[in-house]
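Same order as they appear, the protein sequences are chains A and B.
If you count by my numbering, then the first sequence holds residues 1 to 315, one letter each, in order.
If you count by my numbering, then the second sequence holds residues 316 to 412, one letter each, in order.
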Amino acid sequence: MIENLKDPAIIFFIIGLLAGIVKSDLKLPEAIYEIISIYLLLSIGLKGGVQLAESNIFSLIIPAIGAISIGLIIPVVAYLILRRIGKFNRADSAAIAAHYGSVSAVTFAVVLIYLDKIGVKYEEFTTVLLVLLEIPAIAIGIFIARLRASKSRVSYGKLVHEVLFGKSIYLLLTGLIAGYILGPQGISPVKIVFFDPFKGALTFFLLEMGLVASRRLSDLKSAGSFLIIFGIVMPLISGALGTVIGYYTGLSIGGTAVLATLAGSASYIAAPAAMRIAVPEANPTYYLTSSLVITFPFNLIIGIPIYYWMSLMIH
Amino acid sequence: MQKKLVTIITESILEQMIVDDLKKIGAKGYTIIEARGSGAHGTRNADWGQNQNIQIEVICNDLTAQQIIEHCQKNYYSDYAMVIFTTDIQVLRSDKF
């Protein structure tokens, strides 16, 4: 775990967090945040597509079913925990649950870098699993919200549009397809832009995420102790589920650790946008605080080594 | 010529929905400005996507202004950060609005 801290991306996340705590006037322009997040999503998609082009596409069918089922199970489990034990109202429970089903692409990028660093191999199609987990998770989150809570009159058509064509899924999906079509040969002219500076861009992005998270630290009080505990325990439950499903769908040690991290991560880009429209009566402070201020740093610093350890234990 | 200026300050996530609403209600045009500030929903300083505000300005007649206000009040007031106010203004080419 200490070894995991010696990573530029994680150190810069902490630097960003500190800047907020000591009230530094450091602020990245909104446009930079936008550009880097678009770059990261596109790059993750492209890289995944290129790797997919080099692998046997049929080998991903069973893990894909595993990923989809994780996306369906987690929001339901999270909803029940929040509603029954946490005593949250239906709207808040559904909205938070969708965030925990949905994944964080940045956490995904960090686990890949972690595995590369310790020299553990993983399947080429992990990016496909990312997309496959994300779509049903947000969809089921919206569905629970609609079924149990929301009085919102926004049409299902608009919500489906938000899920499939929201910026993050759209970039990941089209990047994936573009990478698959181009293959290693076709991508080589733009490799210097999309692949080589990836780690640097990720480090920059995490500086910004540290800043954003630190500005929300004061919301922890209104979130309450249950949500803080939930933000740590829920990823561990989901991570364990991801480990078991990864193992039984035949993933390697590395692949299982990636699936566990995906399952354990919580979205803070795609899900908040979708939930704000789908469940307007849910309080954004709850889901933003738990996913961004608690779960994201937890996964980055402590969660990823734990998921890797879980994967080692089961294999 | 006397017209109304309706100013809506709200979460940027509502942009598309409100623009669609405005067209349906019959506003002939609008201007959107990115905004930041603080109010009942805390500080919204536009530091990232979920925390952005917009200011929508519509020049229209009294009836349309009333319809816009009622529509927003009914659909968005309870759940979203939103402030609406109107101003009496003078315009040169009244048929344009």
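We treat Cβ as the ideally placed atom computed from N, Cα and C, and that holds for glycine.
- Here Ala213/A is not near Ser290/A, since their CB atoms are 9 Å or more apart.
- Look at the segment 325 to 338 of chain B: the residues with a C-beta under 8 Å from a C-beta of chain A are Glu326, Ile328 and Met332.
- Neighbours of Ile277/A across chain B, judged by C-beta separation under 9 Å: Ile328, Leu329 and Met332.
- The beta-bridge partner set that DSSP reports for Thr325/B consists of Ile369/B and Met397/B.
- In this structure, the straight-line span from the alpha carbon of Leu80/A to that of Ile73/A is close to 11 Å.
- Residue Glu34/A holds the alpha-carbon nearest to the alpha-carbon of Ala201/A among Glu34/A, Leu18/A and Lys23/A.
- Lys319/B is not a Cβ neighbour of Ser409/B, given a cutoff of 9 Å.
- Under DSSP, Gln382/B takes part in no beta bridge, so it has no partner.
- Only residues of its own chain outside the window of five on either side were considered, and among them Gly16, Leu17, Ala19, Gly20, Leu26, Lys27 and Leu28 have a CB closer than 8 Å to the CB of Leu211/A, listed in chain order.
- Of Ser155/A, Ile135/A and Ile142/A, the smallest CA-CA separation from Phe165/A is found for Ile135/A.
- Cα atoms of Arg351/B and Gln367/B: separation of roughly 7 Å, rounded to the nearest angstrom.
- Around Ala380/B, the same chain offers Lys319, Val321 and Thr401 as residues with beta carbons nearer than 7 Å, after the five sequence neighbours per side are excluded.
- By the criterion of at least three beta-carbon pairs nearer than 8 Å, the segment 293 to 307 of chain A is not in contact with the segment 320 to 340 of chain B.
- Closest in C-alpha terms to Glu54/A, from the list Ile62/A, Gly186/A, Leu133/A and Ser93/A, comes Gly186/A.
- Counting only runs that start and end inside the segment 10 to 89 of chain A, the alpha helix (DSSP H) elements of at least 4 residues fall at 30 to 53 and 61 to 80.
- Taking 9 Å as the Cβ-Cβ cut-off, the segment 394 to 406 of chain B approaches chain A at Asp394 and Tyr395, given in chain order.
- Nearest C-alpha to Ala178/A among Tyr247/A, Ala260/A, Ser43/A and Leu241/A: Ser43/A.
- Across the structure, Thr285/A and Asn56/A are spaced so that their CA atoms are roughly 43 Å apart.
- Listed along the chain, the chain B residues whose CB falls inside 8 Å of the CB of Glu281/A are Ser393 and Asp394.
- In this structure, DSSP gives Leu251/A a state outside helix and strand, which the three-state scheme calls coil.
- The three-state secondary structure of Ile232/A, taken from DSSP, is helix.
- Relative to the Cα of Phe226/A, the nearest Cα in the group Ile11/A, Gly45/A, Arg84/A and Gly303/A belongs to Arg84/A.
- Between the segment 167 to 178 of chain A and the segment 106 to 125 of chain A there are fewer than three inter-stretch CB-CB distances shorter than 8 Å, so the stretches are not counted as touching.
- One alpha carbon belongs to Arg216/A, the other to Ala94/A, and they sit about 21 Å apart.
- Under the criterion of beta carbons closer than 8 Å, Leu241/A and Tyr268/A do not qualify as touching, at roughly 21 Å.
- In this structure, Ile245/A sits near Ser69/A, with a CB-CB distance shorter than 9 Å.
- Excluding residues up to 5 positions away in sequence, Ile10, Phe13, Thr107 and Val110 lie with their Cβ nearer than 7 Å to the Cβ of Leu300/A in the same chain.
- Nearest in C-alpha terms to Ser353/B, of all of Asp335/B, Glu326/B and Val406/B, is Glu326/B.
- DSSP, reduced to helix, strand and coil, places Ser104/A outside both helices and strands of the structure shown, so it counts as coil.
- Listed in chain order, the non-local C-beta contacts of Ile36/A below 8 Å within the same chain comprise Ala201, Phe204, Phe205 and Glu208, local neighbours out to five positions each way being set aside.
- Looking at the DSSP output, Glu349/B shares a beta bridge with Ile369/B.
- Here the segment 304 to 314 of chain A makes no contact with the segment 131 to 146 of chain A; the two share fewer than three CB pairs at distances below 8 Å.
- Counting along the chain, the unbroken alpha helix (DSSP H) around Ala271/A starts and ends at Ala270 to Ala278.
- In the structure shown, the three-state DSSP call for Lys121/A is coil.
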